[in-house]
Amino acid sequence: MSMASMLLLIPVLLISSLVVASAGNFNQDFRVTWGDGRAKMLNDGQLLTLSLDKASGSGFESKNEYLFGKIDMQLKLVAGNSAGTVTAYYLKSEGSTWDEIDFEFLGNLSGNPYILHTNVFSQGKGNREQQFYLWFDPTADFHTYSILWNPQGIVFSVDGTPIREFKNQESNGVPFPKSQAMRIHSSLWNADDWATMGGRVKTDWNAAPFTASYRNFNAATKGDWLSQELDSTSLERLRWVQKNYMIYNYCADVNRFPQGLPVECTTS
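Just so we're aligned: the sequence shown equals residues -23 to -1, 1 to 245 in mature numbering (1 follows the signal peptide of the UniProt record, and there is no 0).
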């Protein structure tokens, strides 16, 4: 099926019973956590920008914590030569046995695609990476990146298209994030020791400052999504993305796990 045909299948998701208001206001819902003025809330709280220069990056976090939720954020990533930069957007709890659900966007040389890196931590254990290219230029306009987190599992979506599902497999002995509330975090920072081609391509500071932009935050904490699982159409879209755009899957990396793949890879 062609990309255009797949995208036509994407349903419009109508969210009701929101605890946090739709089209959230950054001034009300978030606080800047670091960056010494490099993070800016603009347009009466409707737009937030993070910037990175040689001295520092910047970041923000939500004032609220969430225990399950449907989280949407629109991002426009660093344009041009973004090699060495990482834009991170994730949910994370506190403590030494934290839970975490990650989107990380790894910059690249001009003309080369971003890598979308995803990971899931439960009780401080991660190492569940999947990476993707995107089917559009994420620097040209805003796109919606969503995390659906409910007792059945976690679904990562881009513009309504599911790209990854992490099912609750506690019955098979796999810890699942279910009891620790998480805040929304985002940061723009320099990671040129590893982010682009394993650190072989460094950040070009002549192109600084680098800027990522955010808008249209939504957080639903009540609604039908609490019991939602992927239907047949969504599973078809998920398989399409993973067939055409997935570039790394820990569950296929037999060299990394010589003693055998993780349990969730063999029972899902």
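Each residue gets a CB set at the ideal place from its N, CA and C atoms; glycine is no exception.
Bear in mind that the values here come from a model prediction, so they are computed numbers and not experimental data.
If you keep only unbroken beta strand (DSSP E) runs of at least 3 residues inside the region 53 to 94, you get 62 to 69 and 77 to 83. Look at Lys31 here: in three-state DSSP terms it is coil, with no helix or strand label. For Phe143, the enclosing beta strand (DSSP E) has its first and last residue at Thr138 to Lys144.
Within a 10 Å sphere around the beta-carbon of Gly46 sit 16 or more other beta-carbons, which makes this residue buried. Looking from the CA of Ser164, the closest CA among Thr188, Ile131 and Val218 belongs to Thr188. With fewer than 16 other beta carbons inside 10 angstroms of its own, Asn232 counts as exposed.
Take Thr10, set aside five residues on each side of it, and the residues of its chain with a beta-carbon closer than 7 Å to its own are Gly36, Phe37 and Glu38, in chain order. With a cutoff of 7 Å on beta-carbon distance, Asp230 and Gly61 are scored as not near each other. Nearest Cα to Asp118 within the set Ser190, Arg214 and Thr26: Ser190. Residue environment: Asn195 is assigned as buried (16 or more neighbouring CB atoms within 10 Å of its CB, all protein chains considered). The C-beta distance from Asn149 to Thr74 rounds to 20 Å, too long to meet the 8 Å contact threshold.
Following the DSSP letters along the chain, one finds Lys220 inside the alpha helix (DSSP H) bounded by residues Ser209 to Asn221. The beta carbon of Phe7 lies closer than 6 Å to those of Phe37 and Ser39 in the same chain, with the five residues before and after it left out. Its Cα nearest to that of Ala32, the residue Arg15 stands out among Arg15, Tyr43, Glu42 and Asp21. Between the region 105 to 114 and the region 78 to 93 there are three or more C-beta pairs closer than 8 Å, enough to call the two in contact.
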